[in-house]
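Per our numbering, the sequence shown starts with residue 8, numbered consecutively. First comes the structure, then the notes that go with it.
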Amino acid sequence: MKHKGFTIGLIMAVAYAGLLLIQVEATSNNSIQKARVNLGRYLFYDTKLSYNQTKTCVSCHDPSMAFTDGYRTSSGADGFNLKHNAISLLNVKYRSTYTWANPTIKTLNAQLQFPFFNEHPKELGWKGNEQAILNRFLNDRQYQKLFKQAFPKQNNPFQIANIQTAIIAFEEQLVAYGAKYDWYQKGKIDLFTQDEHAGLILFSSSRLGCNKCHVWEMPFKKDTLLFNNGIRVPSLRNVLLTAPYMHDGRIEDINGVLEYYNQKNSLFLTNKEKGQIISFLYTLTDTSYLSNKELLNPFQYQ
């Protein structure tokens, strides 16, 4: 009996030790992930990331404009305009494809190759300048600490892949699903004003059919639809903060967008109805991320 009891006790001790080991490993992995997010935050806001130190991620994805830039089309490190309007990075982790017009880009890692290595025009201008840019971080005491914390098992963590991993880790923190609309979906329908509710009805009506394309405004639903002309349907989350509109930024404000579809699809919208739709679109606004210093410029907010 003693032998049996000893065996059971030993098994329980080993199991407990194994559980502790799993907990320690999980805590360690969580700390590393937080360190990668923090490193990604610094990189996202640091112009060291471009070959001539004029641009970085925030140049095109400013949090004050829902991580867009307010321009018709963005410009790269050489000052030449890019082809498309900057897409918001909010809720980027829930997308199934990336970029405006390439449905084959299905991971953030694949998407990051474009701003890093595009040549016509340059965006960040890494091609041919890889080591020179890496050396900036390698020779910076603050980044020496940040890279070591983010990639503690690597002898030389100053690698392009690690920079991209860290930026992705940060971008995946950019989530905005706390809008008035989200509370409405959870049953708090009394939060909507009369105009907001009327706008939602119009938006979802067979007459307008807005929701036939914009079908993923529910939280965490993948955005899989593209127009038949090959241009993605953008999310309408925080849409009132992301002017100008369309893939080439050709429409200056939201009234112009409504009038464009009003004319194109013969919707015969009245001014009152347009106002109601805009009131509904306002309910898709969530700027809570602006209160989270861990998502803002680390050189301004420690």
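Beta carbons are placed, not taken as given, at the ideal position from N, Cα and C, and that holds for glycine.
For residue i, the residue or residues it bridges with in DSSP
i: residue 252; result: 258
i: residue 69; result: 75
Counted within 10 angstroms of its Cβ, other Cβ atoms place residue i as buried (16 or more) or exposed
i: residue 32; result: Summary for residue 32: the model assigns pLDDT 47, below 50, so the residue's position carries little reliability, and this model does not support an answer.
i: residue 290; result: buried
i: residue 249; result: buried
i: residue 29; result: The pLDDT assigned to residue 29 is 45, lower than 50, so where the model puts this residue is not dependable; a value taken from the coordinates is nonetheless given after this. Burial call: exposed.
i: residue 38; result: exposed
i: residue 88; result: exposed
i: residue 217; result: buried
i: residue 103; result: exposed
i: residue 197; result: exposed
i: residue 215; result: buried
i: residue 71; result: exposed
i: residue 188; result: buried
i: residue 98; result: buried
i: residue 308; result: exposed
Of the listed residues the options, nearest to residue i (C-alpha basis)
i: residue 182; options: 167, 154, 64, 302; result: 302
i: residue 168; options: 120, 275, 278, 244; result: 120
i: residue 206; options: 287, 67, 85, 87; result: 287
i: residue 52; options: 97, 74, 65; result: 65
i: residue 85; options: 58, 74, 149, 77; result: 58
i: residue 55; options: 112, 110, 132; result: 132
i: residue 80; options: 128, 270, 61; result: 128
Residues of its chain near residue i, where Cβ-Cβ distance is below 8 Å and the 5 sequence neighbours each way are ignored
i: residue 238; result: 107, 108, 254
i: residue 137; result: 167
i: residue 153; result: 42, 45, 46, 49
i: residue 243; result: 221, 224, 288, 291
i: residue 26; result: With a pLDDT of 47 at residue 26, under the threshold of 50, the modelled position of this residue cannot be trusted, and the question is left open.
Neighbourhood of residue i by C-beta distance below 7 Å, restricted to the same chain and skipping five residues each side
i: residue 268; result: 274
i: residue 213; result: none
i: residue 116; result: 171, 175
i: residue 241; result: 94
i: residue 280; result: 209
i: residue 284; result: 206, 209, 210, 265
i: residue 297; result: 70
i: residue 247; result: 261, 288, 289, 292
i: residue 126; result: 134
Same chain, Cβ closer than 6 Å to residue i, neighbours up to 5 away in sequence not counted
i: residue 293; result: 183, 185, 186
i: residue 130; result: 83, 122
i: residue 259; result: 251
i: residue 162; result: none
At what residue ranges does the stretch 73-142 contain a whole run of the alpha helix (DSSP H), taking only runs of 4 or more?
115-124
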